[in-house]
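Note sheet for the following structure.
Residue numbers (my numbering): -16 to 498.
If you want it as structure tokens, here you go:
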């Protein structure tokens, strides 16, 4: 299974109309959309959608990029801090969505498609002559003076199925969020819910927060979503999802994050590449209900890997991009060091469940091959409803509120000693894990820092902890002698007098890893 091209996302599903009426508040409108979602869940799923002209559907990627929105036609242009620009349907985006504008009084007006909002350059100039009335838009992007008071930067985009992306100050697009994941990595195939209709609530001219409401539809369920969006150095989106099951849902993935990992770090991917690393995210982080901080390095495996981290009432999780400096990547075009990390904070008690990580083999950095989401232990059955509230936040190298030192490097190699007469098999691995952070700063090398180190299978050999010269970095060094044919699930944290100094490094070594 391969997730689709990052730059292209997914084609949108069928259009679902709603009889929109003015309401006295955003909450009243959200309740109205919720009622529509609940009624829709009682009806059979209808995949019918307006078709777009073949000339649009047959566009290739380069041709599609020649259709450009006119910035001067942005919604709320020069009326306040926020503006909205629109995406033209075509190429993969062959199922337009309905967009509605909500004025400050709560009145709702549909936003009709207009070709005059776009420039049709190059080979697309003939498209402007087509009759495209009532076509709808592929999606939209939000603009705000994020990095400069003189320019409204694009900081968030909704385009394709239930996908959206966002950045904070000084960041460039990388990983994506989704409204929901259903049956990801299941043998019978994944179901992709889609946002069918949006309501863009006009903010006051000096407002620094805006609201987007959405209706989601899928064969298994429907949903009403609310996004309260605060752009800034860390862009924050408070999210509420009210879900209604049309059918039994096999695996429900809450607050999914989707990213790309090609090579770099601990996994020995055979990259013929001048760049040291190529990834949008380097690891999965979890703040457990008990307070433990866990770090799982990502990999680009030979075979599909699915991992589960069991927990109760998680405090947060996210996909993280480390390192944050150019020398870690050496890519002067992609600038992977600027890609955002993203954190999910539950705003309610999510109970028992597990954080699931899916790592898919990939041979192209244009493909997303990483996804992570929370799977509740309690299943969602036909006729049931459930509400999830959570906060999404962009950040840099360490999750919000973390004071423990974090992993800056994970490396492995053959566990033989140089010049050894009788070397061990190549399955014996030598690991080093390096940590930096506030809890390790100014800690003398003679402090009795120890490694709390375990493995599910195999034997740990020669564990050692040392302070590296020069930069407050501490290293854990050990060898793994694995059991034949058995994965080894390893956990490592540095402690001082029994108290943790670092997040817990967690890595599963598989016998079929590339070596």
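We treat Cβ as the ideally placed atom computed from N, Cα and C, and that holds for glycine.
(request) With distances taken Cα to Cα, identify the nearest neighbour of residue 88 among 483, 207, 311 and 10. (result) Residue 88 has its Cα closest to that of 10, out of 483, 207, 311 and 10.
(message) With DSSP as the reference, identify every bridge partner of residue 9, one or two as the case may be.
(response) Note: residue 9 is not bridge-paired with any residue in the DSSP secondary-structure output.
(message) Quick check: what's the CA-CA separation for residue 434 versus residue 460?
(response) Cα-Cα distance, rounded: 9 angstroms.
(message) Check whether the segment 291 to 309 and the segment 336 to 353 touch, using three or more Cβ-Cβ pairs below 8 angstroms as the test.
(response) Yes, since at least three Cβ pairs between the segment 291 to 309 and the segment 336 to 353 fall closer than 8 angstroms, the two stretches touch.
(request) Put residue 363 into one of helix, strand or coil per three-state DSSP. (result) DSSP, read as helix, strand or coil, puts residue 363 in strand.
(request) Rounded to whole angstroms, what's the CA-CA distance from residue 411 to residue 401? Just pull it up for me. (result) Rounded to the nearest whole angstrom, the C-alpha separation of residue 411 and residue 401 is 14 angstroms.
(message) Quick check on the burial criterion: 16 or more other C-beta atoms within 10 angstroms. Buried or exposed for residue 330?
(response) It is exposed - the Cβ of residue 330 has fewer than 16 other Cβ atoms within 10 Å.
(message) Tell me the rounded alpha-carbon separation between residue 135 and residue 108.
(response) CA-CA distance, residue 135 to residue 108, rounds to 28 angstroms.
(request) Please classify residue 4: does DSSP put it in a helix, a strand, or coil? (result) Any answer about residue 4 is weak, because its pLDDT of 37 lies below 50 and its placement is not dependable; what the coordinates show is given next. In the three-state reduction of the DSSP assignment, residue 4 falls in the coil class, being assigned neither a helical nor a strand state.
(message) Can you check which of these residues, 431, 160, 14 and 242, is closest to residue 347 by C-alpha distance?
(response) Nearest neighbour of residue 347 by Cα position, chosen from 431, 160, 14 and 242, turns out to be 242.
(request) May I ask which residues mark the beginning and end of the alpha helix (DSSP H) holding residue 332? (result) Per DSSP, residue 332 belongs to no alpha helix (DSSP H) and is neither H nor E.
(message) Any contact between the segment 317 to 328 and the segment 189 to 199? By contact I mean 3 or more CB pairs, one from each, below 8 angstroms.
(response) Cβ pair count under 8 angstroms is below three, so no.
(message) Is the beta carbon of residue 120 closer than 8 angstroms to that of residue 69?
(response) Residue 120 sits close to residue 69, with the two beta carbons spaced by under 8 angstroms.
(message) With DSSP as the reference, identify every bridge partner of residue 433, one or two as the case may be.
(response) According to DSSP, residue pairing for residue 433 in a beta bridge involves 478.
(message) Between which two residues does the beta strand (DSSP E) holding residue 268 run?
(response) First-last of the beta strand (DSSP E) with residue 268: 266 to 270.
(message) In chain order, what are the residue ranges of uninterrupted beta strand (DSSP E) at least 3 long that sit wholly in the segment 146 to 194?
(response) With a minimum length of 3 residues, the continuous beta strand (DSSP E) runs that stay inside the segment 146 to 194 are 146 to 149, 159 to 161 and 177 to 184.
(request) Check residue 285 in the structure and name its three-state DSSP category. (result) In the three-state reduction of the DSSP assignment, residue 285 falls in the coil class.
(request) Below 6 angstroms CB to CB, which residues in the same chain sit around residue 495 once its five sequence neighbours on both sides are set aside? (result) Same-chain partners within the cutoff: 285.
(message) Give me the residue from 29, 278 and 283 with the minimum Cα distance to residue 250.
(response) Considering only alpha carbons, the answer is 283.
(request) For residue 29, count neighbouring Cβ atoms within 10 angstroms of its own Cβ and tell me buried if that reaches 16, exposed if not. (result) Exposed: under 16 other Cβ atoms inside 10 Å.
(message) So if DSSP puts residue 471 in a beta bridge, which residue, or which two residues, is it bridged to?
(response) The partner list for residue 471 (beta bridge, DSSP) reads 492.
(message) residue 479 and residue 487 - do their beta-carbons sit closer together than 8 angstroms?
(response) Contact flag unset, no.
(request) Would you list, in sequence order, the uninterrupted beta strand (DSSP E) runs of no fewer than 3 residues that lie entirely inside the segment 227 to 267? (result) Taking only runs of at least 3 residues, the beta strand (DSSP E) segments lying wholly in the segment 227 to 267 are 235 to 242 and 244 to 246.
(message) Just list the residues that DSSP pairs residue 139 with in beta bridges.
(response) In DSSP, residue 139 forms a bridge with 125 and 149.
(message) Give me the residue from 100, 101, 81 and 99 with the minimum Cα distance to residue 92.
(response) Of 100, 101, 81 and 99, the residue nearest in Cα terms is 81.
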